[in-house]
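Each residue of the sequence shown is one higher than the one before, counting from 1 in the UniProt record's numbering. Read the structure below first, then the notes.
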Amino acid sequence: MRSTNWARRDDFIRKSGIQHLFSFDIRPYIQLYYFKKGTALYRENGTVDCLYFVMSGQVSVSLTQKNGRTSTVELVPGQGVLGELELVGAQCGPQEACAMTDVWCLGFPLKQCREKLLGDALFLKHLCQLMGHKLIANRDVFTAGQAYPLKNRLAAYLLLVIPKGAPLSQPLTGVARYLGVTYRHLLRVMGDLQKQGLLQKQADGYRISDHPALQKLADEIQ
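Spelled out as structure tokens, the structure:
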């Protein structure tokens, strides 16, 4: 949903440093958007009408397989970008992008701004770097899945998706699919982390109870 809170928009522009990605003044073009938890930013195979820069919150990108199952293919944290592949024509229809938490974004409406963005050499340079970083990150996730135990990969995942002091909001079946393991295997490892005092299961979900220890497990992947 588009917001007309111009003061908040300008605050995000200033704090994020997003202006340095462009050779033109972005303020006449860029808009502020707010999405409640569970709201879709893009629908699978729908129309991409905006290039989003995530300022706060978490977004999950998912893909429906031929067998009907849905798999999370990317987690986009604050400072991430959505819609860049559609902007440059590398992908015709988007994958489902859904707010995992309340999300604030800065965005360019593509109907008005596509040619402006594609004509900006400085922005395209940064966009190429961004897509390269995403490619490397996806490669690292794939290789980590082959080389490291689930406890390390789960630790890194939980630190990424659980806001400090909040519970895990994602269903465990989706977590298992993202990590490429069975639901039973995931439960067993989460149980081990509970016994070690790293996680705590409460009525509203799992919470991190020992950030330093969980971070140590995640750092083994680096």
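Quick reminder that beta carbons are idealized off the backbone N, C-alpha and C, glycines included.
Nearest residue (CA-CA) to residue i, options the options
i	options	result
residue 277	Tyr-206, Ile-13, Pro-28, Arg-207	Residue 277 falls outside the range modelled here, since the chain spans only 1 to 222, and no answer is possible.
Gly-205	His-126, Leu-158, Leu-63, Tyr-33	Leu-158
Gly-17	Val-175, Phe-53, Lys-36, Gly-180	Phe-53
Lys-201	Gly-165, Lys-36, Gly-89	Gly-165
Val-103	Arg-2, Lys-111, Arg-153	Arg-2
Leu-21	Leu-187, Gln-31, Asp-120, Lys-37	Asp-120
Ile-30	Lys-111, Lys-125, Pro-167, Gln-215	Lys-111
Counted within 10 angstroms of its Cβ, other Cβ atoms place residue i as buried (16 or more) or exposed
i	result
Gly-57	buried
Cys-92	exposed
Met-55	buried
Gly-197	exposed
Ala-156	buried
Arg-9	buried
Cys-128	exposed
Between the CA atoms of residue j and residue i - distance to the nearest angstrom
i	j	result
Ala-97	Thr-47	12 Å
Cys-113	Ala-7	22 Å
Gln-65	Gly-80	24 Å
Start-to-end residues for the beta strand (DSSP E) that takes in residue i
i	result
Phe-108	103-109
Ile-208	205-208
Nearest-angstrom beta carbon gap, residue j and residue i [assumed within contact, 8 Å]
i	j	result
Ile-221	Tyr-148	5 Å
Val-181	Met-100	Contact flag wrong, Cβ pair sits at about 20 Å.
Phe-12	Cys-50	With a Cβ gap of about 15 Å, Phe-12 and Cys-50 do not count as contacting.
Val-88	Val-76	Wrong, their Cβ atoms sit about 17 Å apart, outside the cutoff.
Where the alpha helix (DSSP H) through residue i begins and ends
i	result
Val-54	No alpha helix (DSSP H) contains Val-54, which is instead part of the beta strand (DSSP E) from 50-56.
Ser-169	From DSSP, Ser-169 is part of no alpha helix (DSSP H); its letter is neither H nor E.
residue 238	Examination of residue 238 is not possible in this model, given that the chain is present from 1 through 222 alone.
Glu-84	84-87
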